[in-house]
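Below is one structure, written out as structure tokens; the observations come after it.
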Amino acid sequence: MLGWQINPVTHFQQNCSLIWCQATDRAALVDPGGDADRLQRAVANSGKQIEKILLTHGHMDHVGAATALAKIYDVPIIGPHREDQFWLDALDQQAQMMGFAPTDPVKPDQWLEDGDRITLGECELKVLHCPGHTPGHVVLVDTVTRIAFVGDVLFKGSVGRSDFPRGDQAALVNSIVSKLWPLGDDIAFVPGHGPMSTFAAERATNPFVADKNFG
Numbered sequence: 003m004l005g006w007q008i009n010p011v012t013h014f015q016q017n018c019s020l021i022w023c024q025a026t027d028r029a030a031l032v033d034p035g036g037d038a039d040r041l042q043r044a045v046a047n048s049g050k051q052i053e054k055i056l057l058t059h060g061h062m063d064h065v066g067a068a069t070a071l072a073k074i075y076d077v078p079i080i081g082p083h084r085e086d087q088f089w090l091d092a093l094d095q096q097a098q099m100m101g102f103a104p105t106d107p108v109k110p111d112q113w114l115e116d117g118d119r120i121t122l123g124e125c126e127l128k129v130l131h132c133p134g135h136t137p138g139h140v141v142l143v144d145t146v147t148r149i150a151f152v153g154d155v156l157f158k159g160s161v162g163r164s165d166f167p168r169g170d171q172a173a174l175v176n177s178i179v180s181k182l183w184p185l186g187d188d189i190a191f192v193p194g195h196g197p198m199s200t201f202a203a204e205r206a207t208n209p210f211v212a213d214k215n216f217g
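Residue 134 in the numbering used here is what sits at position 132 of the sequence shown, and the numbering runs on without skipping anything.
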């Protein structure tokens, strides 16, 4: 089974998740957007062994500490989908726009594609390409533990912004309705910001993607 711990980082309070296989303590950091020292302390306190850095998309508040931590733990950076290359190429501009200090360039060791599988000890994460917030956004799902790490695609009571370059509101809604909902109402999810929720709750009440909006 997969374990997880949410560690909000940066002034954006972005949810960086420390995830691990409970049988082996093999672990990964999902979207380490900043505050590398704080995340190192969280890892040390957990006693887990980091073997991967996983990125859902290329926005600064989700990737800002990825390179530093990959060097510290000598592990690969995996994700997002290659359509977010242009966001990673523009980290200097993002830092200025979002009020972040300059950061090291982020160069993934592996791009992710829809349908890929990521192993973590005895656990497995399914990769879903879910464009709309960014064109290369991916969602990571453990269908055994019934948990999804959705980045900025979906939030409790809301959805991700689509007014950034190459954002697409129709594509975002389609990603949620056609790719996330079929996974099952019992899936809990960790969003990029804010509290967790479940697909059932969002299908019932989320004003952007509730079932009532789709006949």
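Glycine included, each C-beta is placed from N, C-alpha and C at the ideal position.
Check	Outcome
Comparing C-alpha positions only, which one of 111, 205 and 168 sits nearest to residue 61?	168
Taking DSSP's pairing of strands, which residues face residue 32 in a bridge?	19 and 56
Cβ of residue 63 within 8 angstroms of Cβ of residue 100?	yes
Does the distance from the C-beta atom of residue 159 to that of residue 33 stay below 8 angstroms?	no
According to DSSP, simplified to helix, strand and coil, what is residue 150?	strand
Please identify the residue among 119, 165 and 110 whose C-alpha is closest to the C-alpha of residue 134.	165
Which residues in the same chain as residue 117 place their Cβ atom closer than 7 angstroms to its Cβ, once the five residues preceding and following it in sequence are excluded?	129
What do you reckon, are the CB atoms on residue 263 and residue 148 nearer than 8 angstroms?	As displayed, the chain neither begins before 3 nor continues past 217, which places residue 263 out of reach and without an answer.
Where in the segment 55–105 do unbroken runs of the alpha helix (DSSP H), each at least 4 residues long, occur, reported from the N-terminal end onward?	62–65, 68–75, 87–91 and 93–100
Leaving aside the five residues before and after residue 204 along the sequence, list all residues of the same chain whose C-beta is less than 7 angstroms from its C-beta, in chain order.	156 and 211
Compute the beta-carbon to beta-carbon distance between residue 79 and residue 57, rounded to the nearest angstrom, for a pair I have assumed lies under 8 angstroms.	7 angstroms
Return the first residue and the last residue of the beta strand (DSSP E) that residue 119 is part of.	119–122
Can you give the Cα-Cα distance for residue 175 and residue 112, rounded to whole angstroms?	27 angstroms
Could you spell out the range, first to last residue, of the alpha helix (DSSP H) harbouring residue 44?	38–48
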